[in-house]
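To start, the structure itself, in structure tokens.
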Amino acid sequence: MKQAGSQPQLGFVGLGKMGAPMARRLIERGYRVSLFDINSSVTKALAKIGGKLARSPAEVGASAEIVFTCLPSLDAIREVVLGKQGICRGKRVRTYIDLSTTGSEFARTLGAELARHGIAMLDAPVSGGVPGATNGTLALMLSGKSALFRRVRPVLEVLGKVFYVSPKPGRAQTMKLINNLLSSTGMAVACEGFVMGVKAGLDPDIMLAAINSGTGRNSATANKFPRSVLPRSFDYGANMETPYKDISLCMKEAEELGVTMLVGNTVKQLWAYGIHHGGAKQDSTRIITYLEQWAGVKVVGKAAQGRHRRRTG
């Protein structure tokens, strides 16, 4: 572990599936990190490895120069950052870095509000899921003042590979929404393809091997299917409401830009079906189960069959 030395005091608010492993990496790298989350069990676990517990976001802002958030909704971010006990009430914080996915308009508005409190903002949405957050292999998309970006880059590189998109606030959010649209589209069409294959009598494990050796490979077939879909564990890490939120934000921005999104809007409808039929808090890889119901089949790999035999043997 590196010694803290002259390293800046950090703060982290929002210690969910993505935030907790990111905060852990910063602590393990030797940074002093003030922590707050409504789930006290998570903060206590991180305190055991050196994190400092705070009683509110304002207390985080009072003890840290640079504060990160990773939160699930725009309302949560607004309250945590600008509320009566928000980060902006802290006297020490000077840099705010949002790792959430919010859309460009929200990021610009939030940055302008924080500027009134003397706090500079970088929007820094991340891609790579829970495995990337755990292993420090996330893709971080950054926009904001270039001088500020250069100062905080060593901290950001603890979390993954950094891509500086633009000095203009909100541009990183647009980049992230496009990335997530492509990811969610890949997942949707991969589910359709595998359901069709199983209906036709194909072995899903052989399908996966062939697709990942050919031109049909995408992030869903490379990661989500072998880890969570074919084993029927459905535990990739993000709830179904998250891709729906991100696709919706992307379609909104596309409409404002006058860009036609025929495929994107169709993909949005599939994810909307899932969240409105009990899937909002379910793992996003369960989207395949709705397609399975319509087709009357299940996409089950050998890993799931073996686990079932162990349970019943």
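Position 38 (the sequence shown) corresponds to 456 in my numbering; numbering is contiguous. The beta-carbon is built from N, C-alpha and C at its ideal position, and this holds for glycine as well. Just so we're clear, the structure is a prediction, and the values are computed from it rather than from any experiment.
Proximal residues to residue i (C-beta, below 7 Å), its chain only, five neighbours per side dropped
| i | result |
| --- | --- |
| Met625 | Phe612, Gly615 |
| Arg727 | Note that Arg727 scores 47 on pLDDT, short of 50, meaning its location in the model is unreliable and no value can be drawn from it. |
| Val647 | Thr703, Ile706, Val717 |
| Arg443 | Gly554, Val576, Leu577 |
Cβ shell of residue i (< 8 Å), same chain only, five flanking positions each side left out
| i | result |
| --- | --- |
| Leu363 | Any answer about residue 363 is impossible in this case: the structure gives the chain only from 419 up to 731. |
| Ser564 | Tyr582, Pro585 |
Contact check, residue i vs residue j, beta carbons under 9 Å
| i | j | result |
| --- | --- | --- |
| Ala494 | Leu464 | no |
| Gln427 | Gly448 | no |
| Met658 | Cys668 | no |
| Leu492 | Gly434 | no |
| Pro587 | Gly562 | yes |
| Arg510 | Ala482 | yes |
| Gly529 | Gly554 | no |
| Gly521 | Leu595 | yes |
Opening and closing residue of the beta strand (DSSP E) in which residue i lies
| i | result |
| --- | --- |
| Asp516 | 513-516 |
| Tyr582 | 578-584 |
| Met440 | Segment 437-446 is the alpha helix (DSSP H) holding Met440; no beta strand (DSSP E) there. |
| Phe486 | 484-487 |
| Ala656 | From DSSP, Ala656 is part of no beta strand (DSSP E); its letter is neither H nor E. |
Counterpart residues of residue i in DSSP-defined beta bridges
| i | result |
| --- | --- |
| Met679 | BP columns for Met679 are empty, so no partner. |
| Met625 | None; Met625 has no bridge partner. |
| Thr520 | DSSP lists no partner for Thr520. |
| Gly429 | Ser452, Val485 |
| Ala557 | Ser545, Lys579 |
| Met539 | Tyr514 |
| Leu471 | Leu453 |
Between the CA atoms of residue j and residue i - distance to the nearest angstrom
| i | j | result |
| --- | --- | --- |
| Gly719 | Gly655 | 20 Å |
| Leu453 | Ala538 | 20 Å |
| Lys642 | Arg534 | 43 Å |
| Ile706 | Gly508 | 45 Å |
| Ala721 | Val685 | 29 Å |
| Met436 | Ala618 | 38 Å |
| Tyr708 | His694 | 11 Å |
| Lys663 | Ile456 | 22 Å |
| Leu532 | Asn630 | 45 Å |
| Thr730 | Gln723 | Note that Thr730 scores a pLDDT of 41, beneath 50, so its modelled location is shaky; the value from the coordinates is reported in the next line. If you take the alpha carbons of Thr730 and Gln723, they lie about 11 Å apart. |
| Asp623 | Gly714 | 19 Å |
| Phe430 | Asp621 | 45 Å |
| Val544 | Leu558 | 5 Å |
| Gln711 | Thr603 | 20 Å |
| Lys462 | Phe486 | 18 Å |
Residue range of the alpha helix (DSSP H) that includes residue i
| i | result |
| --- | --- |
| Gly615 | 589-617 |
| Phe751 | Nothing in the structure corresponds to residue 751, since the chain is present only between 419 and 731. |
| Asp493 | 492-500 |
| Phe567 | 564-574 |
| Lys699 | No alpha helix (DSSP H) contains Lys699, which DSSP labels as neither H nor E. |
Cβ neighbours of residue i in the same chain (closer than 6 Å, five flanking residues each side left out)
| i | result |
| --- | --- |
| Ala699 | Inspection of the sequence shows that residue 699 is occupied by Lys rather than by Ala. Asn657, listed in sequence order. |
Residue i: CB within 8 Å of a non-hydrogen atom of the ligand FAD
| i | result |
| --- | --- |
| Thr520 | This structure does not include the ligand FAD; it has no bound ligands of any sort. |
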